[in-house]
Amino acid sequence: MSDEALDRFRAFLATRSTTGATERDLLLHEMGATINRHRLTGREEGMHAFNTTQLCELVLGQRAWSRDQPFVTGLMLSALVDGEFEIYDKAKSEGLLPTTWTWSAWAEGFAGEEGDLRRLMGSIPAVRERCGAACLAVRGNPAVVGSALLGDFCNVHMAKVYHRLLRVGLAGPRGSEIADHELSRLAGCLEVLFAEDTDATLAALVQSSSIDHPEILVAAFKDAAGDLTRTAIAQRHLERNRPLEALSLVQDLRFLSPAYDQAILIAALAALECGKFEKAEFYSRSIANEDTRLKIVTRIAQGNGDTGVELDALTRLYERSPQDAQIFVMLINVLRRIGQTALAFALCAEAQERFHNDPMIARIIRPILAQGPGGT
Amino acid sequence: MTSVQTPLAGGVPALSSNGRTANQGSRAMNDMPSAQRYQQARVMLQQQAPVIAQALPEQWPASVPTLPQRPTLDAARLATSTLNEGLLLIGLGDGSILQFLRGDANGRSKLVHVLVLMPEIPHFAHLLGIVDLPLLFKELHLSLHLVLNANELGSVISRAFTNHGQIARLAGTRTVDTHALAPNAERMRDEIHPAIGKLLLERYDCLGNDVYDTFLGAKHALMHGRKIITQPRSSDYAYRYAGKSALCIASGPSVSAHYERIREIQHEHVIICADSILGGLLKNGIEPDFVCMVERPDVMHALIDGHAEQCRTVIFALPVVHPTSVIPFGERVAWFWNADDLYPWLDANEPRLSSGRSAGTITASVAGLLGIKEAWLLGHDLAYRNDGQSHGVGTAPLAVESQAEWAKDLSRTSANYHKRLIDTPKNGGGYLQTTGVWEIFRSDIEGIIQSYQGRTTFINVNAADEVGAVIKGTTAGGLPLATGVALEKSHPQRAWNETQWETYRSRGRQLLADFATVQERFKEYDLELATWRPLSHDREAVESMGKKIDLGTIVSPENAAWFTYVFRAALRNLMVKLHHNTFVRTMAERNWNQVQIMRLYLHSVPSLIERLRPELELALKEFT
Chain A
471 MSDEALDRFR
481 AFLATRSTTG
491 ATERDLLLHE
501 MGATINRHRL
511 TGREEGMHAF
521 NTTQLCELVL
531 GQRAWSRDQP
541 FVTGLMLSAL
551 VDGEFEIYDK
561 AKSEGLLPTT
571 WTWSAWAEGF
581 AGEEGDLRRL
591 MGSIPAVRER
601 CGAACLAVRG
611 NPAVVGSALL
621 GDFCNVHMAK
631 VYHRLLRVGL
641 AGPRGSEIAD
651 HELSRLAGCL
661 EVLFAEDTDA
671 TLAALVQSSS
681 IDHPEILVAA
691 FKDAAGDLTR
701 TAIAQRHLER
711 NRPLEALSLV
721 QDLRFLSPAY
731 DQAILIAALA
741 ALECGKFEKA
751 EFYSRSIANE
761 DTRLKIVTRI
771 AQGNGDTGVE
781 LDALTRLYER
791 SPQDAQIFVM
801 LINVLRRIGQ
811 TALAFALCAE
821 AQERFHNDPM
831 IARIIRPILA
841 QGPGGT
Chain B
21 MTSVQTPLAG
31 GVPALSSNGR
41 TANQGSRAMN
51 DMPSAQRYQQ
61 ARVMLQQQAP
71 VIAQALPEQW
81 PASVPTLPQR
91 PTLDAARLAT
101 STLNEGLLLI
111 GLGDGSILQF
121 LRGDANGRSK
131 LVHVLVLMPE
141 IPHFAHLLGI
151 VDLPLLFKEL
161 HLSLHLVLNA
171 NELGSVISRA
181 FTNHGQIARL
191 AGTRTVDTHA
201 LAPNAERMRD
211 EIHPAIGKLL
221 LERYDCLGND
231 VYDTFLGAKH
241 ALMHGRKIIT
251 QPRSSDYAYR
261 YAGKSALCIA
271 SGPSVSAHYE
281 RIREIQHEHV
291 IICADSILGG
301 LLKNGIEPDF
311 VCMVERPDVM
321 HALIDGHAEQ
331 CRTVIFALPV
341 VHPTSVIPFG
351 ERVAWFWNAD
361 DLYPWLDANE
371 PRLSSGRSAG
381 TITASVAGLL
391 GIKEAWLLGH
401 DLAYRNDGQS
411 HGVGTAPLAV
421 ESQAEWAKDL
431 SRTSANYHKR
441 LIDTPKNGGG
451 YLQTTGVWEI
461 FRSDIEGIIQ
471 SYQGRTTFIN
481 VNAADEVGAV
491 IKGTTAGGLP
501 LATGVALEKS
511 HPQRAWNETQ
521 WETYRSRGRQ
531 LLADFATVQE
541 RFKEYDLELA
551 TWRPLSHDRE
561 AVESMGKKID
571 LGTIVSPENA
581 AWFTYVFRAA
591 LRNLMVKLHH
601 NTFVRTMAER
611 NWNQVQIMRL
621 YLHSVPSLIE
631 RLRPELELAL
641 KEFT
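These protein sequence lines are chains A and B, in that order.
For the first sequence, position 300 matches number 770 in our numbering, and the numbering has no gaps at all.
For the second sequence, position 98 matches number 118 in our numbering, and the numbering has no gaps at all.
In structure tokens form, the structure reads like this:
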């Protein structure tokens, strides 16, 4: 029997762009192989691990399936877990959600607390539906994610949901509290950590956490922590005035590391803090962001007492960002320090309109303009 | 320098450093002037990759336009951000991407295929003057492929990912296409990019993903019993018609237009046909010398039912075809030793040949095997005719009907490549509609034709008639005129002895014992692996477990090839999964992924054995 709503849903799936052609085919090949093994052995053969892309193709290819077929409803749930809400929305708009999914009504506009959500989830007997409900509930209410909710999903079978909720939680108002807790918890649930990119997860946890010495906790994860985590720890050392520790972590990071740009900045700042100006200058050469690089060069020059380099860097910064008050003040100061009063006067005259709403700048400019180009 | 040279289709070679044995004089090159270094590199390339060398200018181009570095650095960073195994660089740029990769441990660990595009030859030439080429080859797992034009991409990609192992590895290969190129090379990259995507996708299709399908082939081979030993094989027919001519007849829509002419000249040429057109030819008074069959399902006998008894035709069949398809031919059977991994198990001494994947493609292969000098291809349309016809008049109903049924699901966006509608170049210009599976057959026959280049000339009658799909490597021409001189035809007998049969028989009988051994050992390893947790085992331990669960080392040595063949789909597909999972940043993740895949394998294979054992027992009745 034809199901027009399901046909429209399939047409929608067909129009969605998938990943690159080879990636898509790889997933299809793997899916086909898994199904073949399943047919022969009767075992699950990893069928539970199909992702949303694979389920889309499966639903598209099996035109005889009804809307209640487990893979069809499984696709809707998988889409919720993977954050591909447009699939869920389309299924809903076509009236394809199973009538038994009463949870979708409260989950969509969920505005309660974490405890309320957990109670409501407890009323959903099907595990997969519980996963979908949680992801739907936090869609518009990220603040509801806390360690208790995460704990409900911190197991191998629901690890994908755990990671989804963790990402939402870390970006929300309770990010720091969640990060502190989950860093400790994951050390005892390594399989859950390994369900997704370990380095990126650990780095995100370190960045969000308030822990003074995250490296102590991260040690438990050994080489699951990579360059991203290492750089995040270095940043924490730098923030907490431990430049030497920061430097030791990032100074030999490989040039092609995805964390290199951040690491080299930390290295330059850490070297600067340690008074290792030569090293700081060396690291600063590779800083990709030109503004940042010039600021570091300025600080190195200030530390070295090299006024020429300082003036040059500040001039270039001023040219790039004439509205930046801090750069302006630093430039005026160095000009006056080296006796370039006429130039300082001219710059102040030119800038007074731009900074007319800035009382601090006005206080600096006023006496310079009063003194005139000669500075007297 | 002993880099491996891989000849590519059309004579375009790839320069590869798979052996990673750079010459010992590389250090001396560091101090060499660029122009001299360039000439040395040219000499090396002339020996290792003459087509690449030929494209290079005589003199070293001392300067070339500079290219922006940042996009290349970003591309290199992305390329090395994970522990995946391979890179496919579309374009070389100024070569700085190779310099970035060689300076990075992750970059050095990858197999890097570089498609050097024709417009960037000046940059490539310049690079040869400023880098130490042997050293570069030593430091990187590098394969260079020159792409002169888009038409060559098929050969380049299929050579880059040749066999099952490499195709599975494709899943762990990242395509790098954002590094800076010279403007005209960038234009070429944009042009060829979709074609590369399509070709990579076709490579996956070359991986079987069904264990049962593979097992069926092995089972059928066993069901033929001693006939595999006693009946003639491809080697018995090698060069039997050396210097003669043949007609290779498939069942495309164009074939029926030629029946009359074929009938007139049939006794002057070797007539080789596909299974589905045998009945049509006999009905039109043509008695083929050989009918070819490659497909294994039991139902295939319907293609020859009622015909085998009416002719003296010999069936050239792969041993994987079902006995019901060959029994009607009595002793008029010849086994074609295909390139598949099953054949060394049947007889490792028999040379293996590519049959292609259809009864049409194998007709060309048989012609080549026979030593034919000129082979006319008839009915090799490999596309729908403009009126939608898929087969010629006289084709077996089973073929026509099953094609029609199968075609119901064809679409341009089908997820299944076999069922995808595609436009293919038509003889005489323009395009015809074809399917993914016919495109695969077309690639197969082109490969077969290429492999007999210089010995057999393939003349495509369709090319002269301007119908059907273009088949590269053929020449256009009509059927030859009758000369009145008949070709003397005969068939060989096979020389064999009981020892050969006994050896083969004992291997077959051992299979069931090997099944039991695998189940027992896999159970042990599964228990062992169940205790493994993330971070608890290092790379060495994981690799060592990987070796332990290699089926080829568990079963009796004489049956290693059989098991590797039968379970290759299970293994390769899990390898695809594994390679795909190498897009991770840390070795700990890579190890854990491998453990998960090994667990799945350890669960899957014993279950598969349970499923296959009863059928194997039946198949081995001939061996008791």
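C-beta: ideal position from N, C-alpha, C; glycine also.
(message) I need the straight-line Cα distance from SER116 of chain B to ASP124 of chain B, nearest angstrom please.
(response) For this step, residue 116 of chain B is matched to residue 96 along the second sequence. For this step, residue 124 of chain B is matched to residue 104 along the second sequence. If you draw a straight line from the Cα of SER116 of chain B to the Cα of ASP124 of chain B, it comes to about 13 angstroms.
(request) Tell whether a beta-carbon distance below 7 angstroms holds between ILE392 of chain B and LYS264 of chain B. (result) For the purposes of this step, residue 392 of chain B is taken as residue 372 along the second sequence, with counting starting at 1. For the purposes of this step, residue 264 of chain B is taken as residue 244 along the second sequence, with counting starting at 1. When the beta-carbon positions are compared, ILE392 of chain B and LYS264 of chain B come within less than 7 angstroms of each other.
(request) Please list the residues of the region 87 to 107 of chain B that have a C-beta atom closer than 7 angstroms to any C-beta atom in chain A, keeping them in chain order. (result) So the list reads ALA96, ARG97, THR100 and SER101, given in the order they occur along the chain.
(message) Taking the straight line between their C-alpha atoms, what separation do you get for SER46 of chain B and ALA82 of chain B?
(response) Taking the second sequence and counting its residues from 1, the one referred to as residue 46 of chain B is at position 26. Taking the second sequence and counting its residues from 1, the one referred to as residue 82 of chain B is at position 62. Low local confidence applies: a pLDDT of 41 at SER46 of chain B is under 50, so the model's placement there is unreliable, with the coordinate-based value given in what follows. A direct Cα-to-Cα measurement between SER46 of chain B and ALA82 of chain B gives close to 21 angstroms.
(request) Just grab the DSSP bridge partners of PRO394 of chain B for me. (result) For the purposes of this step, residue 394 of chain B is identified with residue 374 of the second sequence, where counting begins at 1. As written in the sequence, residue 394 of chain B is Glu, which differs from the Pro given in the question. According to DSSP, which records beta bridges pairwise, GLU394 of chain B is partnered with B:SER265 and B:THR477.
(message) According to DSSP, simplified to helix, strand and coil, what is PHE643 of chain B?
(response) Numbered from its first residue, the second sequence carries residue 643 of chain B at position 623. Helix, per DSSP.
(request) Would you tell me roughly how many angstroms separate the C-alpha atoms of ARG537 of chain A and GLY127 of chain B, rounded to the nearest one? (result) Residue mapping note: residue 537 of chain A aligns to position 67 of the first sequence, counting from 1. Residue mapping note: residue 127 of chain B aligns to position 107 of the second sequence, counting from 1. Approximately 47 angstroms, taken between the alpha carbons.
(request) Could you name the residues of chain B that GLU693 of chain A contacts, counting a contact when the two beta carbons are closer than 8 angstroms? (result) Residue mapping note: residue 693 of chain A aligns to position 223 of the first sequence, counting from 1. Sequence inspection shows Asp at residue 693 of chain A; the Glu mentioned does not correspond to that position. Correct list: LEU555, THR606, MET607 and ALA608.
(request) Report all residues from its chain with a CB closer than 6 angstroms to the CB of GLN66 of chain B; omit the five preceding and five following residues, and keep chain order. (result) Here residue 66 of chain B refers to the residue found at position 46 when the second sequence is read from its first residue. Around GLN66 of chain B: ALA73.
(request) Work out the CA separation of ASP697 of chain A and ARG559 of chain B for me, nearest whole Å. (result) Walking along the second sequence from the start, residue 559 of chain B turns up at place 539. Walking along the first sequence from the start, residue 697 of chain A turns up at place 227. For the pair ARG559 of chain B and ASP697 of chain A, the Cα-to-Cα distance works out to about 19 angstroms.
(message) Taking CB distances under 7 angstroms as the criterion, tell me whether ASN570 of chain B reaches chain A.
(response) Counted from its first residue, the second sequence places residue 570 of chain B at position 550. Correcting the residue type first, residue 570 of chain B is Asp in the shown sequence and not Asn. No - not a single Cβ of chain A is within 7 angstroms of the one on ASP570 of chain B.
(request) Examine chain A for any beta-carbon lying closer than 7 angstroms to the beta-carbon of ARG631 of chain B, and answer yes or no. (result) As a first step, residue 631 of chain B is located in the second sequence; it is residue number 611 there, counting from the start. Between ARG631 of chain B and chain A, the shortest Cβ-Cβ separation is below 7 angstroms.
(request) Hey, could you find the ends of the alpha helix (DSSP H) ILE248 of chain B is sitting in? (result) Locating residue 248 of chain B in the second sequence gives position 228, counting from the first residue. ILE248 of chain B -> alpha helix (DSSP H) spans 247 to 250.
(message) Can you tell me whether HIS499 of chain A is helix, strand or coil according to DSSP?
(response) Here residue 499 of chain A refers to the residue found at position 29 of the first sequence. Three-state result, HIS499 of chain A: helix.
(message) Output needed for ALA48 of chain B: all residues of its chain with C-beta closer than 6 angstroms, excluding positions within five of it in sequence on either side, in chain order.
(response) On the second sequence, position 28 is the one that residue 48 of chain B refers to. For ALA48 of chain B, the pLDDT reaches just 46, beneath the cut-off of 50, and the residue's location in the model is therefore unreliable, although a value from the coordinates is still provided. Contacts found: none.
(message) I'd like the list of long-range same chain contacts for ALA416 of chain B, defined as Cβ closer than 6 angstroms, with 5 residues on each side in sequence excluded.
(response) Counted from its first residue, the second sequence places residue 416 of chain B at position 396. SER296, GLY299 and LEU323, listed in sequence order.
(request) Please list, in chain order, all residues of the same chain as GLN705 of chain A whose beta carbon is under 6 angstroms from its beta carbon, the five residues on each side excluded. (result) As a first step, residue 705 of chain A is located in the first sequence; it is residue number 235 there, counting from the start. Non-local C-beta neighbours of GLN705 of chain A in its own chain, meaning closer than 6 angstroms and more than five positions away in sequence, comprise ILE736, ordered along the chain.
(request) Return the chain-ordered list of same chain residues with a C-beta closer than 6 angstroms to the C-beta of TYR259 of chain B, the five sequence neighbours on each side being excluded. (result) Reading the second sequence from its first residue, position 239 is the one you call residue 259 of chain B. Here the set comprises GLY391.
(request) Compare the C-beta of LEU510 of chain A with all C-beta atoms of chain E and state if any pair is closer than 7 angstroms. (result) Chain labels in this structure do not include chain E; the protein chains are A and B.
(request) Identify the contact partners of CYS724 of chain A in chain B, using a Cβ-Cβ distance below 7 angstroms as the criterion. (result) Numbered from 1 along the first sequence, position 254 holds the residue referred to as residue 724 of chain A. The question names Cys, but residue 724 of chain A in the sequence shown is Arg. Ordered by position in chain B, the residues that pass the 7 angstroms Cβ test against ARG724 of chain A are ASP124 and ALA125.
(request) Kindly indicate the opening and closing residues of the beta strand (DSSP E) around GLN453 of chain B. (result) Position 433 of the second sequence, counted from the first residue, corresponds to residue 453 of chain B. Counting along the chain, GLN453 of chain B sits inside the beta strand (DSSP E) bounded by residues 451 to 455.
(request) Give the secondary structure of ASN369 of chain B by DSSP, where H, G and I count as helix, E and B as strand, and everything else as coil. (result) As a working mapping, residue 369 of chain B is identified with position 349 in the second sequence. ASN369 of chain B carries a coil assignment under DSSP once its states are collapsed to helix, strand and coil.
(request) Could you name the residues of the same chain whose beta carbon sits closer than 7 angstroms to that of GLY30 of chain B, not counting the 5 residues immediately before and after it, in chain order? (result) Counting from one through the second sequence, the residue named residue 30 of chain B turns up at place 10. Low per-residue confidence applies at GLY30 of chain B: pLDDT is 26, beneath 50, and the placement is therefore not dependable enough to give any value.
(message) I'd like to know whether the C-beta atoms of TYR753 of chain A and ALA741 of chain A end up nearer to each other than 7 angstroms.
(response) Your numbering for residue 753 of chain A matches position 283 in the first sequence. Your numbering for residue 741 of chain A matches position 271 in the first sequence. Judged by their CB atoms, TYR753 of chain A and ALA741 of chain A are nearer to each other than the 7 angstroms cut-off.
(request) Note down the Cα distance separating GLN25 of chain B from GLU425 of chain B, rounded to an integer number of angstroms. (result) Start at 1 with the first residue of the second sequence, and residue 25 of chain B comes out as number 5. Start at 1 with the first residue of the second sequence, and residue 425 of chain B comes out as number 405. Its pLDDT being 28, under 50, GLN25 of chain B is placed unreliably by the model, and the measurement read from it follows with that caveat. Distance between the alpha carbons of GLN25 of chain B and GLU425 of chain B is about 46 angstroms.
(request) Taking THR523 of chain A as the query, report the chain B residues whose CB atoms sit under 9 angstroms from its CB, ordered along the chain. (result) For the purposes of this step, residue 523 of chain A is taken as residue 53 along the first sequence, with counting starting at 1. In chain order: nothing, as chain B lies at least about 10 angstroms away.
(request) Report all residues from its chain with a CB closer than 6 angstroms to the CB of LEU687 of chain A; omit the five preceding and five following residues, and keep chain order. (result) The residue given as residue 687 of chain A occupies position 217 in the first sequence. Cβ within range, chain order: LEU653.
(request) Return the residue from the list B:VAL586, B:ARG246 and B:ALA384 that minimises the CA-CA distance to TRP521 of chain B. (result) Within the second sequence, residue 521 of chain B is the residue found at index 501, counting from 1. Of the listed residues, the one whose Cα sits closest to TRP521 of chain B is B:ARG246.
(message) What does the alpha-carbon distance come out to for the pair ASN43 of chain B and SER576 of chain B?
(response) In the second sequence, the residue the question calls residue 43 of chain B occupies position 23. In the second sequence, the residue the question calls residue 576 of chain B occupies position 556. In this predicted model, ASN43 of chain B has a pLDDT of only 38, less than 50, meaning its place in the structure is not dependable enough to derive any value.
(request) Starting from ASP443 of chain B, trace the beta strand (DSSP E) both ways and give me its first and last residue. (result) Residue mapping note: residue 443 of chain B aligns to position 423 of the second sequence, counting from 1. Counting along the chain, the beta strand (DSSP E) containing ASP443 of chain B begins and ends at 441 to 445.
(message) Taking the straight line between their C-alpha atoms, what separation do you get for GLY412 of chain B and VAL134 of chain B?
(response) Your numbering for residue 412 of chain B matches position 392 in the second sequence. Your numbering for residue 134 of chain B matches position 114 in the second sequence. Computed Cα separation, rounded: 44 angstroms.
(request) Would you verify that the beta carbon of ALA639 of chain B is, or is not, closer than 7 angstroms to some beta carbon of chain A? (result) Here the question's residue 639 of chain B lines up with position 619 in the second sequence. Not closer than 7 angstroms to any Cβ of chain A, the Cβ of ALA639 of chain B fails to qualify, so no.
(message) With the cut-off set at 7 angstroms, would you say GLY528 of chain B and LEU640 of chain B are in Cβ contact?
(response) To locate residue 528 of chain B, count along the second sequence from 1; it is residue 508. To locate residue 640 of chain B, count along the second sequence from 1; it is residue 620. Yes.
(request) Go to MET313 of chain B, then tell me how far its alpha helix (DSSP H) extends in each direction, as first and last residue. (result) Counting from one through the second sequence, the residue named residue 313 of chain B turns up at place 293. First-last for MET313 of chain B: 310 to 313, but that is the beta strand (DSSP E), not the alpha helix (DSSP H).
(request) Measure from the C-beta of ALA191 of chain B to each C-beta in chain A and report whether the shortest distance is under 7 angstroms. (result) Within the second sequence, numbered from 1, the residue matching residue 191 of chain B stands at position 171. Yes - at least one Cβ of chain A is within 7 angstroms of the one on ALA191 of chain B.
(request) Measure from the C-beta of ASP325 of chain B to each C-beta in chain A and report whether the shortest distance is under 7 angstroms. (result) One-based indexing of the second sequence puts residue 325 of chain B at position 305. Residue-level contact by beta carbon fails for ASP325 of chain B and chain A, as no gap is shorter than 7 angstroms.
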